[in-house]
Amino acid sequence: MKAQFITAEEVQDVLGVSRSKAYQIVQGMNRELKAQGFITISGKCPIAYFRKKFYGLEFDQNDRITPAPCSA
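Going by the numbering used here, the letters in the sequence shown line up with residues 48 to 119, in that order.
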């Protein structure tokens, strides 16, 4: 089964930010989802929502995130 959620640690790795910044990003997305009436899980957010918010990221067939190649 494919992962449905991305953790703050994975956000940290993908975006190259600090651990505290990754948690702030996840908290912000969860706050937005909660305001829309969704149930959220602390420290995780749905991968689909993360994709929507961070345009330009690419995913492999296992739904692992890989940075998109730069186009010059």
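Glycine is no exception: its CB is placed at the ideal position from the N, C-alpha and C atoms. Values in this document were obtained by computation on a predicted structure and should not be read as measured data.
For Lys81, the enclosing alpha helix (DSSP H) has its first and last residue at 66 to 82. One thing to note: Val61 has its Cβ no nearer than 7 Å to the Cβ of Ile72.
A distance of 7 Å or more separates the beta carbons of Lys99 and Thr54. Measuring C-alpha to C-alpha distances from Lys49 to each of Ser89, Gln74, Ala95 identifies Ala95 as the nearest.
Annotation: Phe101 is outside any beta strand (DSSP E) and is labelled neither H nor E by DSSP.
Residue burial is scored here from C-beta neighbours: Phe97 has at least 16 other C-beta atoms within 10 angstroms and is therefore classed as buried.
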